[in-house]
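Asker:
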Amino acid sequence: MASKNGSCCLSQQDREKLLREIQSGERTDVPESLQKEIDALGSDAVTAATSQGEMSTDKSISANAAKDHNDLALLESFGTGCLSCGEDDDHANLLLCEGCNAEYHTYCLDPPLRAVPSGDWFCSTCKAEMVPLEDDDGLEQLVSALSPTFTSRFGEVCWAQGGVGFGWWPAFIYDPRLVVGTARKLARQNLGKKHLVYFFECHDAPFTVLTSSKITKWEDGLTDDFHLGKSF
Numbered sequence: 002m003a004s005k006n007g008s009c010c011l012s013q014q015d016r017e018k019l020l021r022e023i024q025s026g027e028r029t030d031v032p033e034s035l036q037k038e039i040d041a042l043g044s045d046a047v048t049a050a051t052s053q054g055e056m057s058t059d060k061s062i063s064a065n066a067a068k069d070h071n072d073l074a075l076l077e078s079f080g081t082g083c084l085s086c087g088e089d090d091d092h093a094n095l096l097l098c099e100g101c102n103a104e105y106h107t108y109c110l111d112p113p114l115r116a117v118p119s120g121d122w123f124c125s126t127c128k129a130e131m132v133p134l135e136d137d138d139g140l141e142q143l144v145s146a147l148s149p150t151f152t153s154r155f156g157e158v159c160w161a162q163g164g165v166g167f168g169w170w171p172a173f174i175y176d177p178r179l180v181v182g183t184a185r186k187l188a189r190q191n192l193g194k195k196h197l198v199y200f201f202e203c204h205d206a207p208f209t210v211l212t213s214s215k216i217t218k219w220e221d222g223l224t225d226d227f228h229l230g231k232s233f
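If you're matching positions, the sequence shown starts at 2 in the numbering used here and goes up one per residue.
(1) How big is the Cα-Cα spacing for ASP72 and CYS109?
(2) Which residue from TRP219, GLY164, ASP226 puts its Cα closest to that of ILE174?
(3) Between LYS195 and GLN162, how many whole angstroms is the CB-CB distance? I'm expecting something under 8 Å.
(4) Tell me the DSSP bridge mates of PHE208?
(5) Looking at C-beta atoms only, is the number of pairs between the segment 136 to 154 and the segment 101 to 115 that lie closer than 8 Å three or more?
(6) From this set, TRP122, ASP205, ARG154, ASP90, which residue's C-alpha is nearest THR212's C-alpha?
(7) Rounded to a whole number of angstroms, what is the C-alpha to C-alpha distance between LEU147 and GLY193?
(8) Taking just the CA atoms, how far does GLU99 sit from GLY120?
(9) Measure the alpha-carbon distance for LYS128 versus TRP122 and round it to whole angstroms.
(10) So is CYS159 buried or exposed if we call it buried at 16+ other beta carbons inside 10 Å?
(11) Please name the residue in GLY82, TRP169, SER145, GLY182 whose C-alpha comes closest to that of GLY222.
(12) Could you check what DSSP says for VAL158 in three-state terms: helix, strand or coil?
(13) Using C-beta distances below 7 Å, list every residue in its chain close to THR81, excluding the 5 sequence neighbours before and after it, in chain order.
(14) Ordered along the chain, which non-local residues of its own chain (more than five positions away) have a Cβ less than 8 Å from that of VAL180?
(15) Could you please give the first and the last residue of the uninterrupted alpha helix (DSSP H) stretch that includes ALA172?
(16) Could you check which residue in GLN190, GLY156, PHE167, SER125 has the C-alpha nearest to that of VAL210?
(17) By DSSP, does GLU22 sit in helix, in strand, or in coil?
(18) Are there 16 or more other CB atoms within 10 angstroms of the CB of HIS106, so buried, or fewer, so exposed?
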């Protein structure tokens, strides 16, 4: 681009490119300001400038090549078969870790697995880095044993009766496996009997447990004008 006084304002990269074109004879329409600089510096300076630009480009290419090589080496360490035996075969029994993409045969593990597990699988290294939720309080197994009638309401937006004087309030039925601390313990103690409910816009104590009689479907609440403050 040109400056306000008409002189040439080029970036260092464009400047070096222009100098190389001038030196090779490819460019004859040299800006006056740059021609004055070339005349003042002499041809040796032009050669040095273009050489420096080529060296800079070479270094950039070398750096990119090194990065690509490192990335390739990293990729080659995974996805090429079982990291235990080194063989890329028997894909029906080749497990892929969801954490690091490492591959292992079921029978190459220690201890070996008799069959391919259902769901996500993690290698021993990734498992060691995963912090057990609430010290494995058994909640996962307890929830899986509940009736589908109870668990089907997990994730439901509803109306909940928060107590005397509060009426019905917008709420959310939480899956107790997704919470920690006091709310998780409260849900575990009442599992199967009461739902863990989260009240929207309640900042002091948003979680509580309620029986189904204290919970109404969202659509039914709208029909009964709960959104207008009705409490019957």
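No residue lacks a Cβ here, since even glycine has one placed at the ideal position from N, Cα and C.
Answerer: This is what the structure gives:
(1) Reliability of the predicted coordinates at ASP72 is poor, the pLDDT of 45 falling under 50, and the value obtained from them is presented with this limitation in mind. Distance between the alpha carbons of ASP72 and CYS109: 27 Å.
(2) TRP219
(3) No, LYS195 and GLN162 are not in contact; Cβ-Cβ is about 13 Å, not under 8 Å.
(4) TYR199
(5) no
(6) For the options TRP122, ASP205, ARG154, ASP90, the alpha carbon positioned closest to that of THR212 is the one of ARG154.
(7) 7 Å
(8) 10 Å
(9) 9 Å
(10) buried
(11) TRP169
(12) strand
(13) ASP89
(14) ALA188, LEU197, PHE208
(15) In the DSSP annotation of this structure, ALA172 is not part of any alpha helix (DSSP H); the continuous beta strand (DSSP E) holding it starts and ends at 169 to 175.
(16) GLN190
(17) helix
(18) buried
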